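Engineer:
There are 2 protein chains.
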Amino acid sequence: MTESDLPVAQLTPGRWGDPAHPVALPPAALEALKHLGVRRPAEPAAPVDRPGLSNEALQLLEKLLGAEHLKTDLETRWGHTRGYSTPDLLRHRAGDTTDMPAAVVYPASHDEVQALLTTCSEQHLAVVPYAGGTSVVGGLAPQGTAFIAVDLRRLERLVELDEISRTATLEAGVRGTAAEALLAERGYTLGHFPQSYEGASIGGYAATRSSGQSSAGYGRFDQMVVGLTMATPRGTIELGKAPMSAAGPDLRQLVLGSEGTLGIITSVVVRIRPRPVERSFEGWRFGSFDEGLVAIRRLAQDGPLPTVLRLSDEAETAINLADPDVLAGGSGGVQAIVGFEGERTGVRRTEVAAVLTAAGGEEMGEGPGETWREGRYRAPYLRDPLLDEGALVETLETAGFWSALPQLKAQVTEALVTALTEQGTPPIVLCHVSHVYETGASLYFTVICAQTDDPIAQWRKAKTAANAAISAAGGTITHHHGVGTDHRSAYAEEVGPLAIEALQAVKHVLDPNGILNPGILIPPDLDPAS
Amino acid sequence: MTESDLPVAQLTPGRWGDPAHPVALPPAALEALKHLGVRRPAEPAAPVDRPGLSNEALQLLEKLLGAEHLKTDLETRWGHTRGYSTPDLLRHRAGDTTDMPAAVVYPASHDEVQALLTTCSEQHLAVVPYAGGTSVVGGLAPQGTAFIAVDLRRLERLVELDEISRTATLEAGVRGTAAEALLAERGYTLGHFPQSYEGASIGGYAATRSSGQSSAGYGRFDQMVVGLTMATPRGTIELGKAPMSAAGPDLRQLVLGSEGTLGIITSVVVRIRPRPVERSFEGWRFGSFDEGLVAIRRLAQDGPLPTVLRLSDEAETAINLADPDVLAGGSGGVQAIVGFEGERTGVRRTEVAAVLTAAGGEEMGEGPGETWREGRYRAPYLRDPLLDEGALVETLETAGFWSALPQLKAQVTEALVTALTEQGTPPIVLCHVSHVYETGASLYFTVICAQTDDPIAQWRKAKTAANAAISAAGGTITHHHGVGTDHRSAYAEEVGPLAIEALQAVKHVLDPNGILNPGILIPPDLDPAS
Numbered sequence: 000m001t002e003s004d005l006p007v008a009q010l011t012p013g014r015w016g017d018p019a020h021p022v023a024l025p026p027a028a029l030e031a032l033k034h035l036g037v038r039r040p041a042e043p044a045a046p047v048d049r050p051g052l053s054n055e056a057l058q059l060l061e062k063l064l065g066a067e068h069l070k071t072d073l074e075t076r077w078g079h080t081r082g083y084s085t086p087d088l089l090r091h092r093a094g095d096t097t098d099m100p101a102a103v104v105y106p107a108s109h110d111e112v113q114a115l116l117t118t119c120s121e122q123h124l125a126v127v128p129y130a131g132g133t134s135v136v137g138g139l140a141p142q143g144t145a146f147i148a149v150d151l152r153r154l155e156r157l158v159e160l161d162e163i164s165r166t167a168t169l170e171a172g173v174r175g176t177a178a179e180a181l182l183a184e185r186g187y188t189l190g191h192f193p194q195s196y197e198g199a200s201i202g203g204y205a206a207t208r209s210s211g212q213s214s215a216g217y218g219r220f221d222q223m224v225v226g227l228t229m230a231t232p233r234g235t236i237e238l239g240k241a242p243m244s245a246a247g248p249d250l251r252q253l254v255l256g257s258e259g260t261l262g263i264i265t266s267v268v269v270r271i272r273p274r275p276v277e278r279s280f281e282g283w284r285f286g287s288f289d290e291g292l293v294a295i296r297r298l299a300q301d302g303p304l305p306t307v308l309r310l311s312d313e314a315e316t317a318i319n320l321a322d323p324d325v326l327a328g329g330s331g332g333v334q335a336i337v338g339f340e341g342e343r344t345g346v347r348r349t350e351v352a353a354v355l356t357a358a359g360g361e362e363m364g365e366g367p368g369e370t371w372r373e374g375r376y377r378a379p380y381l382r383d384p385l386l387d388e389g390a391l392v393e394t395l396e397t398a399g400f401w402s403a404l405p406q407l408k409a410q411v412t413e414a415l416v417t418a419l420t421e422q423g424t425p426p427i428v429l430c431h432v433s434h435v436y437e438t439g440a441s442l443y444f445t446v447i448c449a450q451t452d453d454p455i456a457q458w459r460k461a462k463t464a465a466n467a468a469i470s471a472a473g474g475t476i477t478h479h480h481g482v483g484t485d486h487r488s489a490y491a492e493e494v495g496p497l498a499i500e501a502l503q504a505v506k507h508v509l510d511p512n513g514i515l516n517p518g519i520l521i522p523p524d525l526d527p528a529s
Numbered sequence: 000m001t002e003s004d005l006p007v008a009q010l011t012p013g014r015w016g017d018p019a020h021p022v023a024l025p026p027a028a029l030e031a032l033k034h035l036g037v038r039r040p041a042e043p044a045a046p047v048d049r050p051g052l053s054n055e056a057l058q059l060l061e062k063l064l065g066a067e068h069l070k071t072d073l074e075t076r077w078g079h080t081r082g083y084s085t086p087d088l089l090r091h092r093a094g095d096t097t098d099m100p101a102a103v104v105y106p107a108s109h110d111e112v113q114a115l116l117t118t119c120s121e122q123h124l125a126v127v128p129y130a131g132g133t134s135v136v137g138g139l140a141p142q143g144t145a146f147i148a149v150d151l152r153r154l155e156r157l158v159e160l161d162e163i164s165r166t167a168t169l170e171a172g173v174r175g176t177a178a179e180a181l182l183a184e185r186g187y188t189l190g191h192f193p194q195s196y197e198g199a200s201i202g203g204y205a206a207t208r209s210s211g212q213s214s215a216g217y218g219r220f221d222q223m224v225v226g227l228t229m230a231t232p233r234g235t236i237e238l239g240k241a242p243m244s245a246a247g248p249d250l251r252q253l254v255l256g257s258e259g260t261l262g263i264i265t266s267v268v269v270r271i272r273p274r275p276v277e278r279s280f281e282g283w284r285f286g287s288f289d290e291g292l293v294a295i296r297r298l299a300q301d302g303p304l305p306t307v308l309r310l311s312d313e314a315e316t317a318i319n320l321a322d323p324d325v326l327a328g329g330s331g332g333v334q335a336i337v338g339f340e341g342e343r344t345g346v347r348r349t350e351v352a353a354v355l356t357a358a359g360g361e362e363m364g365e366g367p368g369e370t371w372r373e374g375r376y377r378a379p380y381l382r383d384p385l386l387d388e389g390a391l392v393e394t395l396e397t398a399g400f401w402s403a404l405p406q407l408k409a410q411v412t413e414a415l416v417t418a419l420t421e422q423g424t425p426p427i428v429l430c431h432v433s434h435v436y437e438t439g440a441s442l443y444f445t446v447i448c449a450q451t452d453d454p455i456a457q458w459r460k461a462k463t464a465a466n467a468a469i470s471a472a473g474g475t476i477t478h479h480h481g482v483g484t485d486h487r488s489a490y491a492e493e494v495g496p497l498a499i500e501a502l503q504a505v506k507h508v509l510d511p512n513g514i515l516n517p518g519i520l521i522p523p524d525l526d527p528a529s
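Keeping their order, the protein sequence lines are chains R and D. The first sequence begins at 0 in numbering that gives the first Met the number 0 and counts up one residue at a time. The second sequence begins at 0 in numbering that gives the first Met the number 0 and counts up one residue at a time.
Here it is, written out as structure tokens:
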């Protein structure tokens with residue numbers, strides 16, 4: 000099965016993934032949880048409804064979009080409440096409706112989105128763009144204000160495909176899976192496969208600078224975008240006359256990563272590539288994470304680059320291989336996954352193998368590679384049953400320059416272990432590299448421990464400590480998850496007050512009444528609208 | 000001789016290039032000029048001095064930087080007057096001092112630049128950052144205001160070189176040639192070789208999104224920059240904790256291309272690569288420009304990419320090969336230059352040759368390749384003797400998506416031919432592609448005709464027509480020359496009024512008194528300071 004064959008998943012609010020394909024915890028995992036002191040938590044609570052919009056506001060929206068494209072029932076609104084971070088899921092289980100939208104609207108075109116924003120700005124009505132809804136950083140959860148969720152699922156077209164230029168114009172609401180299916184019909188692929196692939200959408204990829212599992216071969220989403228159209232309360236912005244330009248700052252890059260705070264991206268023009276004719280994934284073993292890091296750096300700096308390149312640390316390798324030594328810290332070396340897609344993969348594979356072998360790697364064959372490939376979107380499915388059992392599971396990520404990575408990894412791990420151990424719940428911390436560049440790479444951490452009685456507060460302490468460690472060790476606060484509300488203050492610290500003020504000034508021009516995703520990205524005490 | 004062996008040229012004001020290496024026009028060229036109706040123009044006029052700064056302002060600057068780092072003599076100021084576009088050179092020949100700086104200062108560090116900007120902002124004293132001074136788009140020529148040129152040549156250090164991450168921190172005043180020499184001592188190269196290489200500097204590369212002749216292999220300068228430091232009247236901005244990040248919009252991209260209007264970039268962290276061990280350049284022949292375009296698109300989209308990839312059209316090929324048919328429009332097909340640097344160039348060369356041969360290309364051997372390589376920085380040297388003879392010579396460039404390129408080329412050419420023929424000076428218009436991407440490429444035009452009595456007005460008409468054609472045919476107004484004053488209105492049209500307003504808001508935050516490069520990039524009627 001290839002990516003374009005995957006169905007568009009119907010996500011369940013508060014639980015990740017397609018309920019048609021649940022994942023049960025393996026017995027060994029249940030056994031391991033006992034060692035962490037995990038106990039089953041209280042049963043989930045039902046959401047309690049909250050007041051919605053005024054009749055006047057509802058009438059205005061109905062007039063704009065039609066009654067059938069405006070929903071105010073509890074089920075729909077609850078289904079558009081926040082994203083899929085572990086705190087989000089825990090709040091869902093607690094029936095917390097404090098950040099539930101007052102209504103959900105479904106515009107069908109750029110013009111409808113544009114008209115909606117104009118009206119909402121006039122009415123000072125906050126709006127939250129909702130595409131895949133898969134944020135894991137609180138990107139859909141404005142605090143302290145009634146808001147409308149703008150569900151973009153009806154912007155679902157492949158508008159244009161230019162085979163000469165190899166570009167496709169895709170509307171913002173097209174899900175990742177649907178985009179691949181639409182492009183596959185014409186013989187193309189986007190090549191963007193984040194772990195949220197089954198749920199996330201084109202608009203969300205753009206708004207949050209998403210990066211997929213094949214980034215070594217296909218690049219990040221922000222590198223794929225060559226043009227975009229954004230509706231703002233002040234009007235429409237269209238950018239991208241050429242792949243690259245020296246016409247002033249690249250303002251596309253000001254829209255990418257703006258997380259719905261400057262406007263709603265309604266379509267993007269993306270670079271596409273022919274569907275790969277060959278594909279192979281293989282496992283490699285290195286004696287240690289540090290040894291593996293040197294090996295993948297060789298590929299990132301001197302090439303050739305495979306399409307997928309990932310390196311797990313000792314602990315993650317042990318978990319992935321279901322090694323019973325895991326609770327003792329792991330011992331059996333580390334595993335890398337190296338994947339090839341495209342033409343002539345055999346040649347590249349031989350070249351890559353020579354580099355990895357010279358760097359001390361040992362080829363483990365296609366078995367581990369195919370195992371990873373088949374399970375590549377399944378990991379998040381495990382989180383819900385783990386939460387059911389009383390485990391706390393969450394991920395966080397960063398990136399830095401190669402020379403900073405070892406210390407960055409060590410300091411973030413230590414911060415997490417200390418913060419959670421102090422709360423009586425010593426964690427397992429796993430780490431991998433999944434995105435490489437010539438000058439550096441990402442680090443992705445998975446944390447597992449027992450829940451305390453207040454797991455949201457428990458995680459907040461751990462996350463605050465991890466953020467501080469990232470900042471102190473010189474990493475960026477997020478490589479591909481985005482800022483949302485969770486990284487707001489760390490982000491402000493990372494770019495500094497002048498840059499935040501500049502961003503705030505841009506927001507004030509495009510969104511003078513501050514209706515767009517209030518409190519996201521830009522710290523609220525600096526937000527001109529607050 | 001390799002790039003790092005080239006000396007730092009001492010440019011002469013008003014004439015391009017190192018006077019130690021003048022280039023004479025070949026006799027055939029002189030003959031050809033007669034066909035264009037060229038007559039020798041009037042002799043250059045001497046510049047007439049203008050009032051400088053007030054004594055109070057001079058004392059302030061002297062106190063900040065020391066008397067030896069403040070120059071007010073006519074020769075120094077005249078030597079910092081505007082850049083190297085043909086209108087700039089013509090104004091120089093006319094002795095026009097209307098855009099001459101009132102003083103030139105030479106800060107030596109980021110802190111001195113920062114203190115200077117703080118003081119100048121308090122004093123409402125306009126400043127123009129001057130690094131290499133090689134702008135060809137009026138990027139150094141604010142109109143209607145007294146200003147100080149801030150010459151950055153004393154910011155000339157390689158501050159740090161991180162061999163693990165392969166990054167180098169270079170100060171803004173380091174010339175291209177000096178940067179290569181500094182890096183070569185350590186075994187590295189930046190790989191950035193614009194035609195202005197002998198004169199341009201690191202800060203200018205960054206401020207204008209420069210792209211070099213080896214962009215197919217090394218990327219554009221904005222792709223090389225992973226971090227930067229900028230002094231602004233409000234304080235310092237430092238960006239770039241990691242190669243890539245999802246922490247909000249990539250604000251590095253807001254600084255790159257800002258052309259000195261938001262602050263003065265004082266240093267950048269750039270990606271570096273090991274010095275190439277092998278190098279080869281070869282010529283290829285195609286039946287037509289359109290055929291060649293398909294061939295180089297194959298390489299850009301499916302690889303492998305050589306380090307240098309250029310394709311001349313029929314007219315440029317004829318001129319380059321000194322083909323007597325040139326005045327009849329050329330006929331002997333077109334030439335491409337394909338260059339390889341790095342390791343294992345032989346393998347890539349074979350692969351590239353297979354692609355080009357399949358696309359109808361014929362290999363012409365290393366002769367044409369080496370001829371191009373040896374002369375790669377010499378073309379601009381020819382402009383001065385051509386102007387001396389009474390020819391008008393200028394270049395302009397754009398970029399677009401592959402499917403738009405044929406029409407873009409045709410319409411720009413037609414606009415130039417029409418606008419100049421209407422003035423009684425039918426031109427020769429040459430074109431080449433020198434920067435390729437998966438989704439599109441650049442087009443670079445060279446125009447040669449006889450000067451009228453008012454060549455500045457003559458060119459303005461032609462340039463206005465070309466700009467309109469670029470806009471109508473869907474190209475970007477500049478691929479690598481920048482906006483300056485020459486492309487200001489076309490740029491505003493390209494990105495639209497809302498984007499300009501956003502940029503203006505950013506400027507207002509960082510430069511509230513509008514002292515930085517006034518009138519550059521942002522149209523003056525929208526400039527908050529005007």
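Backbone N, C-alpha and C define an ideal beta-carbon position, used for all residues, glycine too. In this text, all values refer to a predicted model and were calculated from it rather than measured experimentally.
#1: Using a Cβ-Cβ cutoff of less than 6 Å, which residues in the same chain neighbour R372/D once the five nearest sequence positions on both sides are dropped?
#2: Relative to the C-alpha of G198/D, which candidate in Y83/D, I263/D, A140/D and E170/D has its C-alpha closest?
#3: Could you pull out every unbroken alpha helix (DSSP H) segment of at least 4 residues lying fully inside the segment 252 to 331 of chain R, listed in chain order?
#4: Given this structure, state the Cα-to-Cα distance separating D324/R from A314/R, to the nearest angstrom.
#5: Does any CB atom of chain D fall closer than 9 Å to the CB of E340/R?
#6: Using a Cβ cut-off of 8 Å, pull out every chain D residue sitting near H480/R, in sequence order please.
#7: Out of curiosity, what's the CA-to-CA distance linking A178/D and L157/D?
#8: Looking only at its own chain, which residues have a Cβ that is under 7 Å from the Cβ of P454/R, when we skip the five neighbours before and after it?
#9: For P522/D, would you say it is in contact with chain R, using Cβ-to-Cβ distances shorter than 9 Å as the test?
#10: Would you report the Cα separation of R219/R and V446/R, rounded to the nearest angstrom?
#11: Helix, strand or coil for E361/D per DSSP?
#12: Quick one: list the residues of chain R neighbouring F288/D, beta-carbon separation under 9 Å, in chain order.
#13: Report the residue from P43/R, A241/R and V104/R whose alpha carbon sits nearest the alpha carbon of A472/D.
#14: So which residues of chain D does I163/R contact, with C-beta pairs closer than 7 Å?
#15: Just mark S546/D as buried or exposed, buried being the case when its beta carbon has 16 or more other beta carbons within 10 Å.
#16: Can you tell me the Cα-Cα spacing of S244/R and P303/R, whole angstroms?
#17: Do G16/D and Y376/D count as a contact pair if the criterion is CB distance below 9 Å?
#18: Below 8 Å on the Cβ atoms is my contact criterion, and I expect G481/R with R208/R to pass it. Report the Cβ-Cβ distance as a whole number of Å.
#19: Based on DSSP bridge pairs, tell me the residues matched to C430/D.
#20: So, for R251/R: in the same chain, excluding its five sequence neighbours on each side, which residues have a beta-carbon less than 7 Å away from its beta-carbon?
#21: Would you call A23/D buried or exposed, if buried means 16 or more other Cβ atoms sit within 10 Å of its Cβ?
#22: Kindly provide the ranges of any alpha helix (DSSP H) runs that are 4 or more residues long and lie completely inside the segment 153 to 239 of chain D, ordered along the chain.
#23: What residue range is occupied by the uninterrupted alpha helix (DSSP H) comprising L124/R?
#24: Determine, for A241/D, whether the minimum Cβ-Cβ distance to residues of chain R falls below 9 Å.
#25: Output needed for F146/D: all residues of its chain with C-beta closer than 8 Å, excluding positions within five of it in sequence on either side, in chain order.
#26: Counting contacts by CB-CB distance shorter than 9 Å, is E30/D in contact with chain R?
Structural biologist: Reading it off the structure:
#1: The sequence position of residue 372/D within the second sequence is 373, counting from 1. Same-chain partners within the cutoff: F280.
#2: The count along the second sequence starts at 1 and reaches residue 198/D at position 199. Here the closest residue by C-alpha is Y83/D.
#3: 288 to 301 and 313 to 319
#4: Walking along the first sequence from the start, residue 324/R turns up at place 325. Walking along the first sequence from the start, residue 314/R turns up at place 315. Because the pLDDT of D324/R is 45, which lies under 50, any placement of that residue in the model is unreliable, and the number read from its coordinates should be weighed accordingly. Roughly 9 Å separates the two Cα atoms.
#5: Taking the first residue of the first sequence as 1, we reach residue 340/R at position 341. With 9 Å as the cut-off, E340/R does not count as an interface residue toward chain D.
#6: Translated into positions along the first sequence, residue 480/R becomes position 481. Residues of chain D passing the Cβ test: A245.
#7: Here residue 178/D refers to the residue found at position 179 of the second sequence. Here residue 157/D refers to the residue found at position 158 of the second sequence. Each residue's alpha carbon lies about 8 Å from the other.
#8: By one-based count along the first sequence, residue 454/R stands at place 455. Taken in chain order, the residues that qualify are L89 and L391.
#9: If you number the second sequence from 1, residue 522/D lands on position 523. Not an interface residue.
#10: To locate residue 219/R, count along the first sequence from 1; it is residue 220. To locate residue 446/R, count along the first sequence from 1; it is residue 447. Between R219/R and V446/R, the C-alpha separation is close to 25 Å.
#11: Counting from 1 along the second sequence, the entry for residue 361/D is found at position 362. In this structure, E361/D counts as strand in the three-state DSSP scheme.
#12: Translated into positions along the second sequence, residue 288/D becomes position 289. Those do not exist, as F288/D stays about 15 Å from chain R at its closest Cβ, beyond 9 Å.
#13: For the purposes of this step, residue 472/D is taken as residue 473 along the second sequence, with counting starting at 1. Taking only the C-alpha atoms, the option nearest A472/D is A241/R.
#14: Start at 1 with the first residue of the first sequence, and residue 163/R comes out as number 164. Neighbours of I163/R on chain D, chain order: W401 and S402.
#15: The structure shown does not extend to residue 546/D, since chain D is modelled only from 0 to 529, so the question has no answer here.
#16: By 1-based counting over the first sequence, the position of residue 244/R is 245. By 1-based counting over the first sequence, the position of residue 303/R is 304. Going from the Cα of S244/R to the Cα of P303/R covers about 28 Å.
#17: Translated into the one-based positions of the second sequence, residue 376/D becomes position 377. Translated into the one-based positions of the second sequence, residue 16/D becomes position 17. The answer is yes: Cβ separation under 9 Å.
#18: Numbered from 1 along the first sequence, position 482 holds the residue referred to as residue 481/R. Numbered from 1 along the first sequence, position 209 holds the residue referred to as residue 208/R. About 7 Å; that satisfies the 8 Å criterion.
#19: Position 431 of the second sequence, counting from 1, holds the residue named residue 430/D. C430/D pairs with F444/D.
#20: Mapped onto the first sequence, residue 251/R falls at position 252. For R251/R, where only same-chain residues beyond five positions count, the Cβ hits under 7 Å are V224, L227, L238 and G239.
#21: Here the question's residue 23/D lines up with position 24 in the second sequence. The residue in question, A23/D, is exposed, as its Cβ has fewer than 16 Cβ neighbours within 10 Å.
#22: 175 to 184, 201 to 207, 214 to 217 and 220 to 223
#23: Looking up residue 124/R in the first sequence gives position 125. No alpha helix (DSSP H) holds L124/R; DSSP gives it neither H nor E.
#24: The residue labelled residue 241/D in the question sits at position 242 within the second sequence. Answer yes: the Cβ-Cβ gap between A241/D and chain R drops below 9 Å somewhere.
#25: To locate residue 146/D, count along the second sequence from 1; it is residue 147. Only P100, A101, L124, A125, V126, V127 and P517 meet the Cβ criterion.
#26: Numbered from 1 along the second sequence, position 31 holds the residue referred to as residue 30/D. Chain R contact via Cβ: absent.
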